[in-house]
Amino acid sequence: MKTERWAPILFGIFGLLIWQSAVIALRVPVYVLPGPVAIIQAFFADWRSLLLSLVATLAIAAASLLAAAMLGMMLALAMAASRWARAAIQPWAVVLQVTPVVALAPLIIIWVHQQFLALVVCATIVGFFPVLSNTAAGLAATPPALLDLFRLNGASRRQIVFLLRLPSALPYFLAGLRIAGTLALVGAVVAEFVASSGGFASGLAGRILEAGYRLEIPRMFAALTLLALAGIAIYAALGAFERTILKRVGAVSSHHHAP
Amino acid sequence: MLSAQRVSRRFTDGTVALDGVDLSIADGAFVVLLGPSGCGKSTLLRLLAGLDQPDSGQILWDEGAKPRPGEIGFVFQDATLLPWADATDNVFLPLRLAGRSLSDCRAEIRSLLAKLGLAGFEHAKPAELSGGMRMRVSIARAMIARPRLLLMDEPFAALDEFTRHRLQDDLRALWRETGMTVVFVTHSIYEAAFLASHLVIMTPRPGQIATMRAGLDQTAGPRRTDPAMAALIGAITADVTRMMPTS
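Residue numbers (this note's numbering), protein chains in the order written: chain Y, 1 to 259; chain E, 260 to 506.
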């Protein structure tokens, strides 16, 4: 077991200790910067509502990740299938990617009447780009010798896609999915912030805004901490998913030599 | 069986890879294309396979007929296996593309793998195999559909000398057993002398055929220690020295 593994945890605990002692020593008012103890107390005082909000936000992020994965995969397939489709789709995907979702969200919320769906659309716009660009890169990176081999054996376009291009793009797709997972969470929270001003307040962004209005700063920090932990958990879970799948299909390293 | 007639190929950067190559390949021959890097050996092989088209001249297959899928097997310099598929599935690939089912072919695949020294490795993934074993799977994949023509592009170049010798022995045995036609590209004079029934020596830039030679007597015994093999290597070396520009 490598001892470095514990370094981030030890460093975190050390930071929390400094933070708590500084807040006490300097008598910082709780409405400016609460110490970790106050934040934990705020969480336990209101854990039910905070966790319910977390679940609401996670539901949006999960639905968006699923949508982003499917949308990104389908667009990448279309782009790999035809040069025309590639030329048509690529610039618009970039336009969607560079337009801040905060600016798009109010429009989407007006257009899509169902709140949950509107938020999912916003978060999907943020999340689908890494899936699209990674999968497209993976589909384009099929070894030319294998393509030759498939052609020599009279493979159809369908067989080339399903038996060669898609499986070779799998590691790229999974790496894109891992990035998309955390982006979907970010997108969900941003969209919630916009939607909160219109009265929708079931997610964690709603809790943060609400706590801000009431100057319940420890509760705000508690919600923030939950979000950060959720982001780390999503990233780690998708990373584990990626490793498991790649290990199962044996594509981890083709350069490993047996004795 | 197959011939190239005044075949030329020029790449977009202006390189003349092949210039007026005439070559006729007889049924059942083991033709070795020997030459330095950049002499167009691989280009010629790709043209023979139909993976590339000549700028002028033509490739004729059985007096005009086009090869059917599966009639040509191709072995690349790298094993180019599907990393997610085990040895059996990799060998099965050409048959799968032809619409066969794995259960019908399993016994055949198993016996071919065994013939290539891979018994017990049917379910190993490429990452679990050594370089030599991966190349064996690659050869099995090229042979499973019983191609009439097997094209090999420096398949053993990346392997160590000992592994290479074993693969050369096995390839020769398979060739003699099946009677298929082989066109084998290499830049190793030793390998060319050992394998060929017909030797084609090529010059670089532009790629042309310099000399053709008959290989060793195919019925001879242990070739590696045969004085005739040493003599052939000497003769090829003299050919090569003559055609290489003196520096």
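Positions of the beta carbon are idealized from the N, C-alpha and C atoms, including for glycine.
Exercise. Mind checking if Phe173 (chain Y) is an interface residue toward chain E, Cβ cutoff 8 angstroms exclusive?
Worked result: Taking the first sequence and counting its residues from 1, the one referred to as residue 173 (chain Y) is at position 173. Chain E, which has no Cβ nearer than 8 angstroms to the Cβ of Phe173 (chain Y), makes this no.
Exercise. Going along the chain, which residues of its own chain have a beta-carbon closer than 8 angstroms to the beta-carbon of Met471 (chain E), five neighbours each way excluded?
Worked result: Here residue 471 (chain E) corresponds to residue number 212 of the second sequence, with the count starting at 1. These residues qualify, in order along the chain: His457, Leu458, Val459 and Ile460.
For this session: In angstroms with no decimal places, state the Cα-to-Cα distance between Ile179 (chain Y) and Ile403 (chain E).
Result: As a first step, residue 179 (chain Y) must be located in the first sequence, where it is residue number 179. As a first step, residue 403 (chain E) must be located in the second sequence, where it is residue number 144. Answer to the nearest angstrom: the Cα atoms are 42 angstroms apart.
Problem set entry | Segment contact, 8 angstroms Cβ cut-off, at least three pairs: the segment 374-392 of chain E with the segment 331-342 of chain E | Counting Cβ pairs under 8 angstroms, three or more are found: they touch.
Problem set entry | Buried versus exposed call for Thr484 (chain E) [16 or more other C-beta atoms within 10 Å across all chains shown] | Working through the second sequence from its first residue, we reach residue 484 (chain E) at position 225. Label assigned to Thr484 (chain E): exposed.
Exercise. Rounded to whole angstroms, how far is the Cβ of Ala399 (chain E) from the Cβ of Leu375 (chain E), which I believe are closer than 8 angstroms?
Worked result: Walking along the second sequence from the start, residue 399 (chain E) turns up at place 140. Walking along the second sequence from the start, residue 375 (chain E) turns up at place 116. Contact holds; Cβ gap of about 5 angstroms.
Exercise. Is there a Cβ from chain E that is less than 8 angstroms from the Cβ of Ala76 (chain Y)?
Worked result: Here residue 76 (chain Y) is taken as the residue at index 76 of the first sequence, counted from 1. No, Ala76 (chain Y) does not count as interfacial toward chain E.
Exercise. Would you call the segment 60-75 of chain Y and the segment 112-120 of chain Y in contact, with 3 or more CB pairs under 8 angstroms?
Worked result: Taking a contact to require three or more Cβ pairs closer than 8 angstroms, the segment 60-75 of chain Y and the segment 112-120 of chain Y qualify as touching.
For this session: Give a yes or no on whether the C-beta atoms belonging to Gln336 (chain E) and Glu413 (chain E) are separated by under 8 angstroms.
Result: Taking the second sequence and counting its residues from 1, one reaches residue 336 (chain E) at position 77. Taking the second sequence and counting its residues from 1, one reaches residue 413 (chain E) at position 154. Against a cut-off of 8 angstroms, the Cβ pair of Glu413 (chain E) and Gln336 (chain E) comes out as a contact.
Exercise. For Met471 (chain E), which three-state DSSP category applies?
Worked result: For the purposes of this step, residue 471 (chain E) is identified with residue 212 of the second sequence, where counting begins at 1. DSSP places Met471 (chain E) in strand when its eight states are reduced to three.
For this session: Name, please, each residue of chain E whose Cβ falls closer than 8 angstroms to the Cβ of Asn153 (chain Y).
Result: As a first step, residue 153 (chain Y) is located in the first sequence; it is residue number 153 there, counting from the start. Pro328, Gly329, Leu352, Pro353, Leu356, Ala357 and Ala404, listed in chain order.
For this session: Quick one: list the residues of chain E neighbouring Pro143 (chain Y), beta-carbon separation under 7 angstroms, in chain order.
Result: Taking the first sequence and counting its residues from 1, one reaches residue 143 (chain Y) at position 143. In chain order: Thr339.
Problem set entry | Buried versus exposed call for Ala25 (chain Y) [16 or more other C-beta atoms within 10 Å across all chains shown] | On the first sequence, residue 25 (chain Y) is found 25 positions in, with the first residue counted as 1. The residue is exposed, with fewer than 16 neighbouring Cβ atoms inside 10 Å.
For this session: Go through its chain and collect everything with a Cβ distance to Ala222 (chain Y)'s Cβ below 7 angstroms, but skip five positions before and after it.
Result: Walking along the first sequence from the start, residue 222 (chain Y) turns up at place 222. Excluding sequence neighbours, Ala222 (chain Y) sits near Ile39, Ala42, Phe43 and Leu50.
Exercise. For Lys247 (chain Y), does the count of other Cβ atoms within 10 angstroms reach 16, so buried, or fall short, so exposed?
Worked result: For the purposes of this step, residue 247 (chain Y) is identified with residue 247 of the first sequence, where counting begins at 1. Exposed, since its Cβ has fewer than 16 Cβ neighbours within 10 Å.
Problem set entry | Spatial neighbours of Ser253 (chain Y) in its chain, beta-carbon cut-off 8 angstroms, leaving aside the 5 residues before and after | As a first step, residue 253 (chain Y) must be located in the first sequence, where it is residue number 253. Below a pLDDT of 50, predicted positions are generally treated as unreliable, and Ser253 (chain Y), at 40, falls in that range; the measurement from the model is reported next regardless. None.
Problem set entry | Whole-angstrom C-beta distance between Val131 (chain Y) and Phe162 (chain Y), which should lie under 8 angstroms | Mapped onto the first sequence, residue 162 (chain Y) falls at position 162. Mapped onto the first sequence, residue 131 (chain Y) falls at position 131. Contact doesn't hold; Cβ gap of about 19 angstroms is too wide.
Exercise. Got a sec, what are the start and stop residues for the beta strand (DSSP E) Arg482 (chain E) sits in?
Worked result: In the second sequence, residue 482 (chain E) corresponds to position 223, counting from 1. Where Arg482 (chain E) is concerned, there is no enclosing beta strand (DSSP E), given that its DSSP letter is neither H nor E.
Problem set entry | Whole-angstrom distance between Phe150 (chain Y) and Glu420 (chain E), CA atom to CA atom | By 1-based counting over the second sequence, the position of residue 420 (chain E) is 161. By 1-based counting over the first sequence, the position of residue 150 (chain Y) is 150. Distance between the alpha carbons of Glu420 (chain E) and Phe150 (chain Y): 30 angstroms.
Exercise. Under 9 angstroms Cβ-Cβ, which residues of chain E neighbour Gln159 (chain Y)?
Worked result: Here residue 159 (chain Y) refers to the residue found at position 159 of the first sequence. By Cβ distance, chain E contributes Arg355 and Leu356.
For this session: Spell out whether any CB of chain Y is found under 8 angstroms from the CB atom of Ala308 (chain E).
Result: Here residue 308 (chain E) is taken as the residue at index 49 of the second sequence, counted from 1. Yes, Ala308 (chain E) counts as interfacial toward chain Y.
Exercise. Should the segment 482-499 of chain E be regarded as contacting the segment 317-333 of chain E, the criterion being three or more beta carbon pairs within less than 8 angstroms?
Worked result: no
Problem set entry | chain E contact for Arg5 (chain Y) (CB, 8 angstroms cutoff) | Residue mapping note: residue 5 (chain Y) aligns to position 5 of the first sequence, counting from 1. False, the Cβ-Cβ gap to chain E never drops below 8 angstroms.
Exercise. Should Gln477 (chain E) be labelled buried (16 or more other beta-carbon atoms within 10 Å of its own) or exposed?
Worked result: For the purposes of this step, residue 477 (chain E) is identified with residue 218 of the second sequence, where counting begins at 1. So Gln477 (chain E) ends up on the exposed side.
For this session: Report yes or no: do three or more beta-carbon pairs, one from the segment 142-156 of chain Y and one from the segment 91-106 of chain Y, lie closer than 8 angstroms?
Result: no
Problem set entry | When Y:Ala63, Y:Ala205 and Y:Ala22 are compared against Pro36 (chain Y), the one with the closest alpha-carbon | On the first sequence, residue 36 (chain Y) is found 36 positions in, with the first residue counted as 1. Looking at the Cα atoms, Y:Ala22 is the closest of the given residues.
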